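First to last, the sequence lines map onto chains A and X. With the working numbering applied, the first sequence covers 29 to 143. With the working numbering applied, the second sequence covers 441 to 557. A virtual CB, placed ideally from N, CA and C, is assigned to each residue, including glycine. The model shown is predicted, which means the values in this text are computed figures rather than measured ones. One structure is given below, encoded as C-alpha cells.
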Amino acid sequence: DTEVTQTPKHLVMGMTNKKSLKCEQHMGHRAMYWYKQKAKKPPELMFVYSYEKLSINESVPSRFSPECPNSSLLNLHLHALQPEDSALYLCASSQVGQGLRETQYFGPGTRLLVL
Amino acid sequence: AQKVTQAQTEISVVEKEDVTLDCVYETRDTTYYLFWYKQPPSGELVFLIRRNSFDEQNEISGRYSWNFQKSTSSFNFTITASQVVDSAVYFCALSEYYGGSQGNLIFGKGTKLSVKP
Numbered sequence: 029d030t031e032v033t034q035t036p037k038h039l040v041m042g043m044t045n046k047k048s049l050k051c052e053q054h055m056g057h058r059a060m061y062w063y064k065q066k067a068k069k070p071p072e073l074m075f076v077y078s079y080e081k082l083s084i085n086e087s088v089p090s091r092f093s094p095e096c097p098n099s100s101l102l103n104l105h106l107h108a109l110q111p112e113d114s115a116l117y118l119c120a121s122s123q124v125g126q127g128l129r130e131t132q133y134f135g136p137g138t139r140l141l142v143l
Numbered sequence: 441a442q443k444v445t446q447a448q449t450e451i452s453v454v455e456k457e458d459v460t461l462d463c464v465y466e467t468r469d470t471t472y473y474l475f476w477y478k479q480p481p482s483g484e485l486v487f488l489i490r491r492n493s494f495d496e497q498n499e500i501s502g503r504y505s506w507n508f509q510k511s512t513s514s515f516n517f518t519i520t521a522s523q524v525v526d527s528a529v530y531f532c533a534l535s536e537y538y539g540g541s542q543g544n545l546i547f548g549k550g551t552k553l554s555v556k557p
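This is the structure:
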C-alpha cells in the first residue's frame, strides 16, 4: 500500500486566519516531506522530517510551521499567510536510509487559496 | 550544479500515437538516481520509475518504456499507443545527496501531455 493521505483537499483562508494541513501515511516510512507547488511549476521542497526530527528547512518563512507528532503524521500549521502563498501543498514520505535511492511517495495535495 | 531539463513544455497527440518525453540531466556525482512522476489534473504525484546510475538497462512496463543513456545524460520516457488517461504533467527528477540521510529531488519543469480522443 503506497498511500499518503492529506486533509483537507481544499482550503480557503484569510490572511489573519490560523489553519493546519494534515498528512498521514501507514507505510512505515520514517521520512516525511512538505512541498509547495505553484501553478505550472515543479514542486519545491519546504521541509523534511527524518525520524520525527526536522532535518531540512528550506528557508521557509515562519508563517509556515511544521510539526511531526509521530512517525505517521505530519502537520503544517499556517498563520498570517499572504496571497502569494496560494498553491498546492504536497506531502510525501519515504524510507530513511541511503537517501539517494529512497523513492518519495506523494499524497494528493491540499489546494490552498489565501484571500 | 545538478539540473534536470525537460525541453518539451507541452505535447499534444491523438489517441494511439506513440509519444516520447525527453529528460536531460546534469550532475557531477557518479552515484545518482533518476525518477519519473506523473501528475494528473487531480494533483497527486504518482511515482512511475526509479533508475540508478549504474543500471543502463532499458525498462518496459506495459505501454511505458524508459531509455537511460549515460553517454548523453538522458532518461527518456515513451508511451506506446497513448490513451486519454495518459493526459497529465510528467516530471523527471534527479536525486542528489542533500545531507544527513536524505536525498533531495531536483525536478525538471515538467512536460504537459494532452492525448486527444
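Item, Value
"CA-to-CA distance, K549 of chain X to D495 of chain X, given in whole angstroms", "25 Å"
"Residue environment, Q53 of chain A, which counts as buried when at least 16 other CB atoms sit within 10 Å", "buried"
"Alpha carbon of R139 of chain A to alpha carbon of S114 of chain A, nearest angstrom", "8 Å"
"Pairwise C-alpha distance: H105 of chain A and K47 of chain A", "6 Å"
"D526 of chain X classed as buried or exposed, judged by whether at least 16 other C-beta atoms fall within 10 angstroms", "buried"
"Nearest-angstrom beta carbon gap, C463 of chain X and N544 of chain X [assumed within contact, 8 Å]", "About 17 Å; that fails the 8 Å criterion."
"DSSP-derived helix/strand/coil call for K559 of chain X", "Since the first residue of chain X shown is 441 and the last is 557, residue 559 of chain X is not available in this structure."
"Nearest residue (CA-CA) to L485 of chain X, options X:I546, X:V529, X:S554", "X:V529"
"Proximal residues of chain X, C-beta to C-beta of P111 of chain A below 7 Å", "Neighbours of P111 of chain A on chain X: none; closest Cβ ~20 Å, over 7 Å."
"Short Cβ contact (8 Å threshold) for L553 of chain X with V459 of chain X", "yes"
"Exposed unless 16 or more other CB atoms sit within 10 angstroms - verdict on T470 of chain X", "exposed"
"Test: E450 of chain X CB closer than 8 Å to a CB of chain A", "no"
"Close beta carbons around V124 of chain A, own chain, < 8 Å, minus the five adjacent residues each side", "H57, R58, A59, S78, Y79, E130"
"Contact list for L545 of chain X against chain A, beta-carbon separation under 7 Å", "Q132"
"Span of the beta strand (DSSP E) around V88 of chain A", "Run containing V88 of chain A: none; DSSP gives neither H nor E here."
"Chain-order list of residues whose beta-carbon lies under 7 Å from that of P36 of chain A (same chain, five-residue window excluded)", "T138"
"8 Å contact criterion, which Q65 of chain A and K50 of chain A should meet: CB distance rounded", "That belief does not hold up - the Cβ atoms of Q65 of chain A and K50 of chain A are roughly 18 Å apart, past 8 Å."
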